[in-house]
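Report on one structure; see the data block that follows.
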Amino acid sequence: MQSINGTNAFTKLLAHQLKLINDLKPFLSNERAQIKSDIASLKVIEKSKLTSFFRDTDLKRLYDATDNYFAAPSPVTLEAVTKARDKIKGSDLLSPALDKQIDLLKANHAKIDNLTQQKKDISKQINTFITDYLNQHANDKDDLHTAKKNVMKAIQTYVNEPTADNWKSLDKSTQDNPGWDKGFFSKVSSVMDKARDFHDEIEQRSPMNGA
Numbered sequence: 250m251q252s253i254n255g256t257n258a259f260t261k262l263l264a265h266q267l268k269l270i271n272d273l274k275p276f277l278s279n280e281r282a283q284i285k286s287d288i289a290s291l292k293v294i295e296k297s298k299l300t301s302f303f304r305d306t307d308l309k310r311l312y313d314a315t316d317n318y319f320a321a322p323s324p325v326t327l328e329a330v331t332k333a334r335d336k337i338k339g340s341d342l343l344s345p346a347l348d349k350q351i352d353l354l355k356a357n358h359a360k361i362d363n364l365t366q367q368k369k370d371i372s373k374q375i376n377t378f379i380t381d382y383l384n385q386h387a388n389d390k391d392d393l394h395t396a397k398k399n400v401m402k403a404i405q406t407y408v409n410e411p412t413a414d415n416w417k418s419l420d421k422s423t424q425d426n427p428g429w430d431k432g433f434f435s436k437v438s439s440v441m442d443k444a445r446d447f448h449d450e451i452e453q454r455s456p457m458n459g460a
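Note that this note's numbering has the sequence shown beginning at 250, numbered continuously upward.
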């Protein structure tokens with residue numbers, strides 16, 4: 250049986266997820282945008298090195314690879330950038346400035362990939378916590394526990410996919426299930442408090458609010 254300490258651990262987990270989503274992800278996105286801009290500027294500066302005798306140079310192919318990466322970031326497109334860079338590394342075609350930007354790009358990709366994995370791990374722990382709660386009360390068919398389980402399921406759906414529609418569904422669930430927040434040290438109330446914080450943080454950073 251989960252104790253109130255388990256609930257506190259869960260809410261701290263949600264707070265950690267908030268920090269990842271609302272602080273680190275925008276920072277990394279901005280960092281990637283800056284790298285993209287810097288590489289585009291270098292491409293303009295190095296325009297004369299992109300062709301030789303009316304044929305594309307390996308430098309041009311490197312810039313093409315970075316364009317493909319930014320259009321669809323993935324391990325595959327990143328590997329193409331790495332291979333194109335390695336092909337001209339040590340030659341006059343690869344400037345120190347571009348070489349540095351490729352290093353920054355690879356580091357940025359690794360950080361975003363790590364963030365994605367952390368979010369998956371957090372999501373897994375959240376699902377485990379809520380599933381344990383639901384299993385613990387699977388045989389509790391009274392109105393009170395039914396209401397609490399319904400709201401907990403809605404919280405799980407929203408936290409895993411924080412869309413406007415899922416928030417509306419969660420809000421409706423709290424209205425349709427009176428008594429869900431009853432009880433001293435209620436786990437559902439504690440978790441719902443963090444779900445509200447989660448929603449508020451996302452709203453504050455939405456484009457409509459100038460975030």
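We treat Cβ as the ideally placed atom computed from N, Cα and C, and that holds for glycine.
query, result
"What residue range is occupied by the uninterrupted alpha helix (DSSP H) comprising Asn357?", "345-385"
"Taking the Cβ atom as the reference point for each residue, do Asn415 and Ala396 lie within a distance shorter than 9 Å?", "no"
"Between the Cα of Lys296 and those of Arg281, Tyr312, Ala282, Gln283, spot the shortest distance and give me the residue it belongs to.", "Tyr312"
"Straight-line CA distance for Leu343 to Leu364?", "30 Å"
"From Met457 to Lys274, what distance separates their C-alpha atoms?", "In this predicted model, Met457 has a pLDDT of only 37, less than 50, meaning its place in the structure is not dependable; the value taken from the coordinates is given anyway. Approximately 18 Å between the Cα atoms of the pair."
"For the pair the stretch 278-295 and the stretch 350-366, tell me if three or more CB-CB distances fall below 8 Å.", "yes"
"Would you grab the beta carbon distance between Trp429 and Val400 for me? Rounded to a whole angstrom, and I think it's under 8 Å.", "4 Å"
"Please list the terminal residues of the continuous alpha helix (DSSP H) segment that includes Trp429.", "Where Trp429 is concerned, there is no enclosing alpha helix (DSSP H), given that its DSSP letter is neither H nor E."
"CA-CA distance, Asp389 and Ser438?", "18 Å"
"Which residues share a DSSP beta bridge with Ser301?", "Arg304"
"By the 10 Å Cβ neighbour count, where 16 or more other Cβ atoms means buried, how is Lys338 classified, buried or exposed?", "exposed"
"Using the three-state DSSP reduction, which class does Lys402 fall into: helix, strand or coil?", "helix"
"Once you ignore the five residues that flank Ile379 on each side, which residues in its own chain have a CB closer than 6 Å to its CB?", "Met401, Gln405"
"Taking DSSP as the reference, what is the three-state secondary structure of Asn388?", "coil"
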